[in-house]
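In our numbering, the protein residues as written are 37 to 421.
Where a beta carbon is used, it is the ideal one built from N, C-alpha and C, also for glycine.
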């Protein structure tokens, strides 16, 4: 397996960004009949104040994401600063955009949360709950979209395949929320998996445990820590949990409003409810697309967006501006912050250090926590006897 270094990640992002520009350029030319002058005219006529409004929506979503992490940390009775949570958010955002999975940044978020006094289990629960809230909010917006369809404000006029993907993804998201809450609130249900994995020597070798009984014992202890952390997070301070949920609602509202402002910038007169609905459906469909940062949503819904335009040739410029904000702006802001934090921890070796090896440090910390919990449990048994 090749090393994942800051250098290789930077090269990957540059390559992915260039490929994205090439695809968008082809879309722009195709939408204008390969007439370069039409593209220039569309750019000249664009209202840059509306483009600024769209950019501010994206920037505001950064602050909402950071506040969400801050609220969740407070629910766990931790007291990191807001700007620290902003840094942790950008670390996760950077690695999500730099890997073919939206969950690529979670391990690194946990890695940096450990510096703020979070245990590995607390970090895992915090990141998992944040993800569950995000999925729940997206389901909420899908239900709003379905209501818009029922009221006749928006027609789901898509082909059968896209329509089918929409409903399958909605069902999958709902199951994900249910499974996630079961795992977090009652992880011991999955203790049979711990017993199953304890049979495999190579898994025990990775965990640095030779004895199957010891593997099961430590696994059960870790599941217990996840449950106690989750209980503190979900049942502890409801005000902070409500704040985190409201932040997620606002975040997705900002992101789904951004295309509306871009259309206004191109002198279109869209229905904001229709644009919102198309944005929600497009993103649902791309939950199955393993693109860097899952950035294929706007391209997937391109034809649906084009159908709302008075000037169909604007679709290429629309996709170009949207992608600049939704992906490239995130990378441009997140990369320096993430790499600077890494350089503080790794020193001069940041550019060549194997970042995938950082997960071993998380595993080591987990082992230390398990040992500590085992000792505390033994001490508790001695006191009771």
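{"Query": "Environment of residue 113 [buried if 16+ CB atoms lie within 10 Å]", "Result": "exposed"}
{"Query": "Span of the alpha helix (DSSP H), counted from its first residue to its last, around residue 103", "Result": "84-111"}
{"Query": "Inter-stretch contact (C-beta, 8 Å, three-pair minimum) for the stretch 76-83 and the stretch 290-307", "Result": "yes"}
{"Query": "Proximity winner among 131, 177, 214, 107, relative to residue 293 (alpha-carbon distances)", "Result": "177"}
{"Query": "Segments assigned alpha helix (DSSP H), at least 4 residues, entirely inside the stretch 227-313", "Result": "227-233, 237-242, 248-267, 274-301"}
{"Query": "Whether residue 116 touches residue 152 by CB criterion (7 Å)", "Result": "yes"}
{"Query": "Any non-hydrogen atom of the ligand FMN closer than 6 Å to residue 215 Cβ", "Result": "Annotation note on the ligand FMN: not contained in the displayed structure, which lists no ligands."}
{"Query": "Beta-carbon separation (whole angstroms), residue 370 vs residue 129, contact threshold 8 Å", "Result": "5 Å"}
{"Query": "The stretch 278-291 touching the stretch 92-100, judged by at least three CB pairs closer than 8 Å", "Result": "yes"}
{"Query": "Pick from 364, 164, 233, 231 that is closest to residue 263, judged by C-alpha positions", "Result": "164"}
{"Query": "Beta-carbon contacts of residue 159 that lie in its chain and below 6 Å, excluding the five residues immediately before and after", "Result": "146, 149"}
{"Query": "Continuous alpha helix (DSSP H) stretch holding residue 358: start and end", "Result": "351-359"}
{"Query": "Residue of 237, 189, 171 minimising C-alpha distance to residue 207", "Result": "171"}
{"Query": "Residue closest to residue 230, alpha-carbon to alpha-carbon, out of 368, 213, 251, 169", "Result": "251"}
{"Query": "Candidates 378, 297, 91, 109, of which the one nearest residue 276 by Cα", "Result": "109"}
{"Query": "Cβ-based neighbour list, residue 344, same chain, cut-off 8 Å, excluding 5 preceding and 5 following", "Result": "299, 304, 306, 307, 310, 311, 314"}
{"Query": "Pairwise C-alpha distance: residue 50 and residue 326", "Result": "Residue placement at residue 326 cannot be trusted, given a pLDDT of 46 that sits under 50; the coordinates are not used to answer."}
{"Query": "With 16 other Cβ atoms within 10 Å as the buried cut-off, status of residue 95", "Result": "exposed"}
{"Query": "Same chain, Cβ closer than 6 Å to residue 255, neighbours up to 5 away in sequence not counted", "Result": "230"}
{"Query": "Presumed contact (8 Å Cβ cut-off) between residue 174 and residue 209, rounded CB distance", "Result": "6 Å"}
{"Query": "Check whether residue 168 and residue 213 have beta carbons under 7 Å apart", "Result": "yes"}
{"Query": "Check whether residue 91 and residue 361 have beta carbons under 7 Å apart", "Result": "yes"}
{"Query": "Simplified DSSP assignment, three categories, for residue 346", "Result": "coil"}
{"Query": "Residues of its chain near residue 342, where Cβ-Cβ distance is below 6 Å and the 5 sequence neighbours each way are ignored", "Result": "348, 351"}
{"Query": "Beta-carbon gap between residue 126 and residue 373 smaller than 7 Å", "Result": "yes"}
{"Query": "Residue 377, buried or exposed, once every other Cβ within 10 Å from all chains shown has been counted against 16", "Result": "buried"}
{"Query": "Outcome for residue 288 when other beta-carbon atoms lying within 10 angstroms are tallied against a minimum of 16", "Result": "buried"}
{"Query": "Residue 116 (DSSP reduced to helix, strand or coil)", "Result": "coil"}
{"Query": "Residue 154 - containing alpha helix (DSSP H), residue span", "Result": "Residue 154 -> no alpha helix (DSSP H), and no H or E assigned at all."}
{"Query": "Contact set for residue 162: own chain, Cβ-Cβ below 6 Å, skip 5 residues either direction", "Result": "108"}
{"Query": "Buried versus exposed call for residue 246 [16 or more other C-beta atoms within 10 Å across all chains shown]", "Result": "exposed"}
{"Query": "Residues near residue 137 by beta carbon distance below 6 Å, same chain, minus five either side", "Result": "Only weak support is given to the placement of residue 137: the predicted model assigns it a pLDDT of 48, under 50, and the question is left unresolved by the model."}
{"Query": "Other residues of its chain near residue 118: CB distance less than 6 Å, five sequence neighbours each side excluded", "Result": "106"}
{"Query": "DSSP state of residue 187 mapped onto helix, strand, coil", "Result": "coil"}
{"Query": "Distance CB(residue 297)-CB(residue 86) smaller than 7 Å", "Result": "yes"}
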